[in-house]
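In this note's numbering, the protein residues as written are 6 to 400. Structure first, then comments.
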Amino acid sequence: MRGRVLILIALIILLVAVLVAFLVLGGDNGDTTSETANVPPAGNGNAPSSQVVQPTPPRLVNIVVALQQLPRGFQFPSNIDELFDENGEPTIVALRAWPEEAVPVNAIRESGEGLEGVLNKIVRTDISREGPVLTTMLVDNLNQIAATGSDAAAILPPNLVAVSIPIDRLTGVAFAIQDGDRVDVIMSMLFVDVDEAFQSISPNRVTLFQLTEEGIEVQQGIEGRVDTFPTFGAVIVGPSERQRPRLVTQRTIQDAFVVHVGEFPLDGQFIGVVPTPTTPPEAQAQQPQGQEGPPPSPTPIPRPDIITLGVTPQNAVALTWAVEARIPVSLALRSATDTSRLPTTAVTLDVLINEFGIEVPGKRPFTVEPAIRSIRQLLNENEFQISSGGENAGQ
């Protein structure tokens, strides 16, 4: 009896297992059939459905790209650390992943020179932001830059503008200044006393008038000031000459960059171009054709009378004002290794006397003969006599 019960239980368990297996396998087959039906057949409908092929990702390589607009003439630093900020982030150029198939032939790769390939190089032509930096865009010196724009704009340091001022052999350090030097600007000014309202040189012209029965009678004006003498009492003391201006000289602009000495060529290209003297047309006309003789002497290169400086925008305005006001401007040549900016004291007559211990000569009951009434001064190869009256007489 017990054996029959066990057999019955086993049959029930077997039937349940078969039913569960049928339901599970049957549901999966139905889903698969449904999904397969949604896939359109290929060809004549008898071929199996095709599977979607995933595209192969492109191979990437790291190349040097610009992080900012790099203008023509920009010079990269010579130290690789200067390409990064204090946080170690690149500021000028960086390595970026680029599809290998699209990498230009002249690109600077990480596997090649990398970031060291731009050190101490000069940008030959403008490089756009996020654009690849090519070896053909970089040169070693300014003579190889592209002929677009002026050389002056290419060599001008950032944050500086160019302004031109006149020079001669005295104000231009005897023409010793050359392109690329650094100079200081010295200005000299003459000060006089003026009436604040009229803005005219003192003293003012005084006109006297008197009220009479016939009206107003204008009298001759008196120039000078009222002074008191023990013998004469109150008198009018007037000036014997026009007011003498007071001279002051000071260094105003320091470490200005010399862009160019002399006039620029019309095409703006002056770097690496050596000026050549030309033979005057008169000498060519005097030389008979077919007759040999000594070659005519070429015309000497004229001395420059203008210089272009690279200064800050504010200093450019100051220089322009000085030129417009006809203030004498002299240049002092700086050492090639000097970058200091030391303050100076404005020089006046009092400063000279106190600084150098100059003593004002006293009055004596005797003197030399003939009287010394002027001193000589050499100016532009001419000797001038500065007389006691303030006028110059050429000798």
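We put the CB at the ideal spot given by N, CA and C, even for glycine. Keep in mind the model is a prediction, meaning the values are calculated, not measured.
Give the C-beta separation of residue i and residue j to the nearest angstrom, bearing in mind that I take them to be a contact with Cβ-Cβ under 8 Å.
i: VAL69; j: VAL138; result: 5 Å
i: ILE160; j: ARG77; result: At roughly 10 Å, the Cβ-Cβ gap does not stay under 8 Å, so ILE160 and ARG77 are not in contact.
i: VAL352; j: VAL190; result: Going by Cβ atoms, the distance from VAL352 to VAL190 rounds to 15 Å, so no, they are not a contact pair.
i: PRO104; j: LEU72; result: That pair is no contact at about 20 Å.
i: VAL168; j: VAL266; result: With 8 Å as the limit, VAL168 and VAL266 do not qualify as a contact, their Cβ atoms being about 14 Å apart.
i: ARG178; j: LEU336; result: Checking the sequence shown, residue 178 turns out to be Val, not Arg. So it is a contact: roughly 6 Å between Cβ atoms.
i: THR334; j: ILE170; result: Before going further, note that residue 334 is Val rather than Thr in the sequence given. 6 Å between Cβ atoms; contact.
Only counting the same chain, and skipping five residues up and downstream in sequence, which positions put a Cβ closer than 8 Å to that of residue i?
i: ASN209; result: ASP200 and PHE203
i: PRO375; result: none
i: ILE221; result: PHE214 and GLN215
i: VAL21; result: none
i: PRO235; result: none
i: ASN92; result: none
i: PRO244; result: PRO208, GLU228 and GLY229
i: GLY367; result: none
With distances taken between CB atoms, is the gap from residue i to residue j smaller than 8 Å?
i: ILE182; j: LEU324; result: no
i: ARG187; j: ALA112; result: no
i: ASP173; j: ASP310; result: yes
i: LEU124; j: ILE97; result: no
i: PHE180; j: ARG251; result: no
i: MET192; j: ALA327; result: yes
i: GLU106; j: PRO63; result: yes
i: GLN255; j: THR176; result: no
i: PRO307; j: VAL166; result: no
i: VAL264; j: LEU314; result: yes
i: GLY273; j: ASP156; result: yes
i: GLN259; j: ARG346; result: yes
i: GLN74; j: ARG114; result: no
i: LYS126; j: VAL144; result: yes
i: PRO95; j: PHE89; result: yes
i: ILE276; j: LEU147; result: yes
Does any residue of chain D bring its CB to less than 8 Å from the CB of residue i?
i: ILE358; result: The chain labelled as chain D is not found in the depicted structure, where only one protein chain is given.
Short of 7 Å in beta carbon distance, which residues of its chain neighbour residue i, apart from the five on each side in sequence? Order them along the chain.
i: GLU40; result: Residue placement at GLU40 cannot be trusted, given a pLDDT of 44 that sits under 50; the coordinates are not used to answer.
i: SER205; result: VAL199
i: GLU121; result: ILE85
i: GLU268; result: ILE311
i: ARG331; result: none
i: ARG101; result: ASN67, ILE68 and VAL70
i: GLY48; result: Low per-residue confidence applies at GLY48: pLDDT is 49, beneath 50, and the placement is therefore not dependable, though the value from the model is reported in the following sentence. Counting only Cβ-Cβ distances below 7 Å, and skipping sequence neighbours, we find nothing.
i: MET142; result: VAL128, ARG129, THR130 and ILE132
i: THR233; result: ALA239
i: ILE12; result: none
i: ILE363; result: LEU357
i: ILE17; result: none
i: GLY136; result: VAL70 and ALA71
i: ASN237; result: Sequence check: residue 237 is Phe here, not Asn. Counting only Cβ-Cβ distances below 7 Å, and skipping sequence neighbours, we find nothing.
Using a Cβ-Cβ cutoff of less than 6 Å, which residues in the same chain neighbour residue i once the five nearest sequence positions on both sides are dropped?
i: ASN34; result: Because ASN34 sits at a pLDDT of 49, beneath the cut-off of 50, its placement in the model cannot be relied upon, and the point is left open.
i: MET257; result: Here the sequence assigns Thr to residue 257, which means Met is not the residue at that position. Excluding positions up to five away in sequence, the list reads VAL190 and MET192.
i: GLN248; result: VAL197 and ILE206
i: LEU24; result: none
i: ASP36; result: For ASP36, the pLDDT reaches just 46, beneath the cut-off of 50, and the residue's location in the model is therefore unreliable, leaving the point undetermined.
i: THR140; result: ASN111
i: ALA15; result: none
Inside the segment 317-358 only - alpha helix (DSSP H) runs reaching at least 4 residues
If only uninterrupted alpha helix (DSSP H) runs of at least 4 residues are considered, those enclosed by the segment 317-358 are 318-329.
Extract the residue ranges of the beta strand (DSSP E) inside the segment 109-197, only unbroken runs of 3 or more that lie entirely within it.
Here the runs fully enclosed are 166-171 and 187-196.
Segments of 4+ residues assigned as alpha helix (DSSP H) that fall wholly inside the segment 225-286:
Along the length of the segment 225-286, whole alpha helix (DSSP H) runs at least 4 residues long do not occur.
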